[in-house]
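Under my numbering, the first residue of the sequence shown carries the number 128, and numbering increases by one thereafter. Backbone N, C-alpha and C fix where the C-beta goes; we use that ideal spot for every residue, glycine too.
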Amino acid sequence: MPVPVVLAEGAVAPSYAQPGDAGADLALTEDLELAPHQRALVGTGVAVAIPEGYAGFVHPRSGLAHRVGLGMVNAPGTIDAGYRGEIKVNLVNHDPERTIRLRRGDRIAQLVVQPVVQAEFRPVAELPASARGTGGHGSTGGFTAPTATPTQTEGQA
């Protein structure tokens, strides 16, 4: 699917690292240092015209998260079809001790373009029943017994 792209001077076009990859890499336009727990809104120098019926979703790169603790504050970031500005990424250094040093051209995020459906939200008096009901926030399990709950404080059992 063709997606028109405008690049700022020196910016790197989004590209897929491997055939069949879902995410096209986005790169930094300038050098950056992030102190522990610091965050920054950084530019990619990329503006796109995503076709109607699609949206772009900016995801963090798993290798950077694993190796140095680099993440995104709002992941994924949504790029609506009508947006024509520069794609920017809200990065955060999750490492408690080390500064992260990134250089211009480093791949910092991935853009995934997907079809989207616009829902028609209709107010109703009540929702239909389901097996799950109103259970949320870990109600379906998927973990071993936790050692603490968010409501426990020191000194409580």
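Item to check | Option nearest Val175 by Cα separation, candidates Ser189, Gly269, Gly209 and Glu136 | outcome: Counted from its first residue, the sequence shown places residue 175 at position 48. When each option's Cα is compared against that of Val175, the closest is Gly209.
Checklist entry - Does the distance from the CB of Gly186 to the CB of Gly147 come in under 9 Å? => result Position 59 of the sequence shown holds residue 186. Position 20 of the sequence shown holds residue 147. Here residue 186 turns out to be His, not Gly, going by the sequence shown. Contact flag unset, no.
Item to check | Tyr181 versus Asn217 - alpha carbon distance | outcome: Counting from 1 along the sequence shown, the entry for residue 181 is found at position 54. Counting from 1 along the sequence shown, the entry for residue 217 is found at position 90. Roughly 22 Å separates the two Cα atoms.
Item to check | Other residues of its chain near Thr202: CB distance less than 8 Å, five sequence neighbours each side excluded | outcome: Here residue 202 corresponds to residue number 75 of the sequence shown, with the count starting at 1. According to the sequence provided, residue 202 is Ala. The question's Thr does not apply to it. Contacts found: Val185, His186 and Pro187.
Item to check | Continuous beta strand (DSSP E) stretch holding Ala192: start and end | outcome: Residue numbering aside, residue 192 sits at position 65 when the sequence shown is read from its first letter. First-last for Ala192: Ser189 to Val195, but that is the alpha helix (DSSP H), not the beta strand (DSSP E).
Next on the checklist: What does DSSP give as the partner residue(s) for Ala138 in the beta ladder?
Outcome noted: Reading the sequence shown from its first residue, position 11 is the one you call residue 138. Per DSSP, none; premise fails for Ala138.
Next on the checklist: Check this for me: beta carbons of Gly212 and Leu155, under 9 Å apart or not?
Outcome noted: Numbered from 1 along the sequence shown, position 85 holds the residue referred to as residue 212. Numbered from 1 along the sequence shown, position 28 holds the residue referred to as residue 155. Result no, Cβ atoms of Gly212 and Leu155 do not sit closer than 9 Å.
Next on the checklist: Within 10 Å of its beta-carbon, does Val133 have 16 or more other beta-carbons around it, so buried, or fewer, so exposed?
Outcome noted: Here the question's residue 133 lines up with position 6 in the sequence shown. Burial state of Val133 is exposed, judged by a 10 Å Cβ sphere holding fewer than 16 other Cβ atoms.
Next on the checklist: Along the chain, where does the beta strand (DSSP E) containing Asp152 start, and where does it finish?
Outcome noted: For the purposes of this step, residue 152 is identified with residue 25 of the sequence shown, where counting begins at 1. Per DSSP, the continuous beta strand (DSSP E) segment holding Asp152 begins and ends at Ala151 to Ala154.
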